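Note that my numbering has the sequence shown beginning at 525, numbered continuously upward. Every residue, glycine too, gets a C-beta built ideally from N, C-alpha and C. Remember, predicted model here, so these are calculated numbers, not experimental data.
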Amino acid sequence: MSEPSRRAWTAELMGTTASIHVIGSPDACAAATDAAASTVAMLRELEAIFSTYRADSEISRLRRGELSFADADPRLTDVADACRRLEEATGGRFSAFWREGFDPTAYVKGWATDVAATAHLEPLLAMPGVSAVGINVGGDLRVWTAPGAPWSWTVGIADPVRPGAALATLRVRNGAVATSGTAERGAHLVDPRSGIAVSAAVSATVVADDLTTADVWATALAVAAGEDTRWLWDAPLRSAMTVTDAGVRRWVAGVGVETVAATAA
């Protein structure tokens, strides 16, 4: 059987690079152009509402007191409610409210990617000849594979201590992978419970069913990398890995993911 074709589209949005990937027959990949464009368009629409770096966004106007939740796009209220639930679920390790005002930046990238990709990319799996679809936004991934298709997404987890080396390679058919930590965000990663910059966590990677979950819980895990992991037992995760500044690697294995050549204990 010949190898399937792979088509990719890239765009600059949400302060990073996004890439959309479709695996399948040449005709199916070519027919996916409109879906890729629609995905990017929806991400730009959500960015215009939620970007704290744009003075004209609704979230910026809300934070300045120029707009109320009642008058804003209803998705702002939905996101605020979701952030409150996640703050409680993570024991305060994730929070969009710990600083003055409401800043859902740590939630929105994963959530917006899920919304846009579920609306426009996932339906491509019903198209004859499409084996898999996925999107990478700033290194965080959301992927799908058609039932019965002989395809798995290969995801490398970079070693934050040894540039160019890999901690593990994952194979995921459906789901999401997100990484957070001081290796990605430097001293900008702050524990909301104390307001102090996190230094212990170099990296935290989470595999989950969707990118909203993976992204938020990767942030929470990076904040709490030095803590006992029992607080994760009820978390909606498949797998998680952390690397601390002391070089300690912790792997919490779950379901729905195959680890290939993992070096973490």
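Can you list, in chain order, the residues of its chain whose CB lies under 6 Å from that of Asp597, leaving out five sequence neighbours each side?
Translated into the one-based positions of the sequence shown, residue 597 becomes position 73. Once the five neighbours on either side are set aside, the close Cβ partners of Asp597 are Ile573, Glu582.
If you run the structure through DSSP and keep just helix, strand and coil, what is Val503?
There is simply no residue 503 to check, as the chain begins at 525 and stops at 789 in what is shown.
Within a Cβ cutoff of 8 Å, which residues of the same chain sit near Asp613, ignoring the five residues on either side of it in sequence?
In the sequence shown, residue 613 corresponds to position 89, counting from 1. Here residue 613 is Ala; the residue named in the question, Asp, does not match the sequence. Excluding sequence neighbours, Ala613 sits near Ala759.
Using a Cβ-Cβ cutoff of less than 6 Å, which residues in the same chain neighbour Asn660 once the five nearest sequence positions on both sides are dropped?
Here residue 660 is taken as the residue at index 136 of the sequence shown, counted from 1. Ser543.
Report all residues from its chain with a CB closer than 6 Å to the CB of Ser655; omit the five preceding and five following residues, and keep chain order.
Position 131 of the sequence shown, counting from 1, holds the residue named residue 655. For Ser655, where only same-chain residues beyond five positions count, the Cβ hits under 6 Å are Pro528, Ile547, Gly548, Ala670, Ala673, Trp675.
If you drop the 5 nearest sequence neighbours on each side, which residues of the same chain put their C-beta closer than 6 Å to that of Thr736?
Counting from one through the sequence shown, the residue named residue 736 turns up at place 212. Excluding positions up to five away in sequence, the list reads Gly634, Trp635, Asp638.
Give the DSSP bridge partners of Arg754, in chain order.
Locating residue 754 in the sequence shown gives position 230, counting from the first residue. Looking at the DSSP assignment, Arg754 forms no beta bridge with any residue, so it has no partner.
So which of Ala556, Phe618, Val730, Ala565 has the shortest CA-CA distance to Leu665?
Residue mapping note: residue 665 aligns to position 141 of the sequence shown, counting from 1. For the residues Ala556, Phe618, Val730, Ala565, the minimum Cα distance to Leu665 belongs to Val730.
On the three-state DSSP scale, how would you describe Ala700?
Sequence index remark: in the sequence shown, residue 700 carries index 176 (1-based). In the structure shown, Ala700 sits in a strand (DSSP, three-state: E or B).
Using the C-alpha atoms, what's the distance from Asp739 back to Asp580?
Taking the first residue of the sequence shown as 1, we reach residue 580 at position 56. Taking the first residue of the sequence shown as 1, we reach residue 739 at position 215. Spanning the two alpha carbons is a distance of roughly 26 Å.
In whole angstroms, what separates the C-alpha of Leu610 from that of Val726?
Residue numbering aside, residue 610 sits at position 86 when the sequence shown is read from its first letter. Residue numbering aside, residue 726 sits at position 202 when the sequence shown is read from its first letter. Taking the straight line joining both Cα atoms gives about 22 Å.
Considering only the alpha carbon of each residue, which of Asp734, Gly615, Asp683 lies closest to Arg717?
For the purposes of this step, residue 717 is taken as the residue at position 193 of the sequence shown. It is Gly615.
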